[in-house]
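As structure tokens, the structure follows; a few thoughts come after it.
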Amino acid sequence: MKKGRHRRYEEARKFQRENAAAFSVEDFEFDEPDLFSKEEEDAPDDQYGDLADKYDDDYSDLADKYADFDDNEEEKT
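Last residue of the sequence shown: number 641 in this note's numbering, and the count goes up by one each step with no gaps.
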């Protein structure tokens, strides 16, 4: 079993070395849009706001009301 694991490790290292040598920063186009980045409109700031509205979450209203109170307590200690 150790031989098989070691062989797979060596194959993975060889694969990494070959691919690292093939990639160059000069080949990378920085002006192109990033295909893997998320669109800003797909990632809203308040991801739970829609759920709170959907289920009439009263706790979020209370949390907003007492948010300043919690911050003031921490500053005093």
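The C-beta atom is built at its ideal place from N, Cα and C for all residues, glycine as well.
Keeping to the same chain, check which residues put their C-beta closer than 6 Å to that of residue i; ignore five residues upstream and five downstream.
i: serine 588; result: none
Quick one: residues in its chain with C-beta nearer than 7 Å to the C-beta of residue i, no 5 flanking neighbours on either side, listed in chain order?
i: glutamate 594; result: The sequence given here places phenylalanine at residue 594; glutamate does not occur at that position. Cβ within range, chain order: n/a, list empty.
i: asparagine 583; result: none
Does any residue of chain D bring its CB to less than 8 Å from the CB of residue i?
i: arginine 571; result: The structure shown contains no chain D; it holds only a single protein chain.
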